[in-house]
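Asks: After the structure tokens below, expect a handful of questions from me.
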Amino acid sequence: MTSHAAVKDGDERLPAGEMLMLDDNITNNTFTTSILSTNTVINTFDLSMNSSDMKTSTLRSNKSNKSTTSSLLSQKMNAFKRLINYDETLSYLLSNITNENFAYMTAKAPLPPAIIPEDCSAENNSVTVAWQAPSHSFVEGYVLELDDGSGGEFRQEVYCGKETICTVDGLHFNSMYNARVKAFNSAGEGEYSELIGLQTAEVAWFTFDPVLSGGPGSGLIFSKNNATVSVEGWEHRVALGSVGFSRGIHYWEFTIDNYTADTDPAFGVARIDVNRSKMLGKDEKSFAMYIDRQRSWFQHNSVHERRVEGGISTGSTIGVLLDLQRHTLSFLVNGMPQGSVAFRDLYGVFYPAVSINRGVTLTLHTALDAPQMDYF
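Just so you know, UniProt numbering puts 85 at position 85 of the sequence shown, and the rest follows in order with no gaps.
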């Protein structure tokens, strides 16, 4: 028996077969929809599965990348550590080598220094000696020695220090000096270098020395490269030359550029510690001849004696002859001896000197040949 679908009153009635067909379509559609749903679920599951697989694959890939990165980083760190260890080992080895070399060098006295001839020189009564440090030697200092300028013994420690060049002043003129140098350290002194000979000037060239003459407060006025001197005040002021003599024969002259006052300039030599505020010859440190327009006297330690006739004027020339071979001091006026030998028994170091006051201007002339004198 076939069942029929119930139809409410008022609805359009259809044939039973058609109703059945409709039901079958609905069923089929429902089945189809069910299948579609199932397929959708399956597809969704597939997508879910694919997504899960992708995530798993991604995770695996990330883990693999992390593992690779970690491995590379580990390798680089190990290489870096090996580099650090190598660097530390190298530094240690170099330090040991340096320390061993230093210990080796300091365990023995240094080798001889080498003189540098092209950097050595002699000027006036000064010599300059230059040298270079010995190779493969530890040096703490040097000792420079000069002989006496006459081929005699060497003087000890003309210079002692760390420099490799030295200038020695105040030597004798017209003398050949031999120089040598040695190096030293805590282990001892090394051998001497080869000798070098340096010849000082035959005749002395010098000027007035403003510093030795008392400096800015002296009242002296220097000009023409310190060759000319004058003074404003009436008090006598002493001007000293720039070199001192202890050996040899030396001659220099003064020209009287201006002489307008009735005053007594004094000429001669002095010790370095002469009284610069008195006339030359007034203390025991100076030996002088003072002169005016008519006559002159020799004076030392305030004792003046042996008056000699003949004076000076503008344009006159005063010559001073210091003979340290005979240890005498003599004077000339306008090229002629002013009396006999003024002073004898002069030993030690003497500086050219003059004292002047207002109204006198002098110019110094040096590097002159000594005149022939009769020593009586």
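All C-beta atoms in this analysis are idealised placements derived from N, C-alpha and C, irrespective of residue type, glycine included.
This one's a predicted model, so the numbers in the text were calculated from it and none came from an experiment.
1. Just curious, the beta strand (DSSP E) that His300 is in, first and last residue?
2. In this structure, does DSSP put Gly244 in helix, strand or coil?
3. Need the endpoints of the beta strand (DSSP E) that Phe287 sits in, please.
4. To the nearest angstrom, report how far apart Ala109 and Thr363 are at their CA atoms.
5. In chain order, what are the residue ranges of uninterrupted beta strand (DSSP E) at least 3 long that sit wholly in the segment 304-357?
6. Which residues share a DSSP beta bridge with Phe173?
7. Is Val243 near Val354, with beta carbons less than 9 Å apart?
8. By Cβ distance below 7 Å, which residues in the same chain neighbour Gly170 in space, the five residues on each side in sequence not counted?
9. Given that a residue counts as buried once 16 or more other Cβ atoms are within 10 Å of its Cβ, and exposed if not, what is Trp252?
10. Does the contact criterion of 3 or more C-beta pairs under 8 Å hold for the segment 118-137 versus the segment 149-157?
11. If I measure Cβ to Cβ from His365 and keep anything under 6 Å in the same chain, skipping five residues before and after, which residues do I get?
12. Using three-state DSSP, classify Leu364 as helix, strand or coil.
13. Report back the beta-carbon spacing between Ile249 and Asp323 to the nearest angstrom; my notes put them in contact at under 8 Å.
14. Using a Cβ-Cβ cutoff of less than 6 Å, which residues in the same chain neighbour Ala133 once the five nearest sequence positions on both sides are dropped?
15. Report the rounded CA-to-CA distance for Arg237 versus Gln372, giving the unit in angstroms.
16. Less than 9 Å between the beta carbons of Asp264 and Ile291, yes or no?
17. Buried or exposed: Asn357, going by 16 or more other Cβ atoms within 10 Å of its Cβ?
18. Within this structure, are the beta carbons of Val320 and Phe267 separated by less than 9 Å?
19. Taking buried to mean at least 16 other C-beta atoms within 10 Å of its own C-beta, is Tyr351 buried or exposed?
20. Gly339 and Phe287: beta carbons closer than 9 Å?
21. Please return the same chain residues whose Cβ sits closer than 7 Å to the Cβ of Asp283, not counting the five positions on each side in sequence.
22. Measuring alpha carbon to alpha carbon, tell me which of Ile312, Leu198, Gly233 and Thr328 ends up nearest His172.
23. Output the residue ranges of the beta strand (DSSP E) runs that lie fully inside the segment 211-278 and measure 3 residues or longer, sorted by chain position.
24. By a C-beta neighbour count over all protein chains shown, 10 Å radius and 16 as the cutoff for buried, is Tyr347 buried or exposed?
25. Unbroken beta strand (DSSP E) runs of length 3 or more, entirely within the segment 112-195: which are they?
Replies: Once the coordinates are examined:
1. His300 -> beta strand (DSSP E) spans Arg295 to His300.
2. coil
3. Ser286 to Ile291
4. 54 Å
5. 317-323, 328-333 and 351-356
6. Phe173 pairs with nothing; no bridge assigned.
7. no
8. Around Gly170, the same chain offers Asn125 and Gly244 as residues with beta carbons nearer than 7 Å, after the five sequence neighbours per side are excluded.
9. Counting Cβ neighbours within 10 Å, Trp252 comes out buried, since at least 16 surround it.
10. no
11. Closer than 6 Å at Cβ, skipping near neighbours: Glu253.
12. strand
13. Their Cβ separation, rounded to whole angstroms, is 5 Å, which keeps Ile249 and Asp323 in contact under 8 Å.
14. Val139
15. 31 Å
16. yes
17. buried
18. yes
19. buried
20. no
21. Val274, Asn275 and Asn301
22. Leu198
23. Listed in chain order, they are 220-223, 228-231, 237-240, 249-259 and 266-270.
24. exposed
25. 121-123, 126-132, 141-147, 154-161, 165-168 and 176-185
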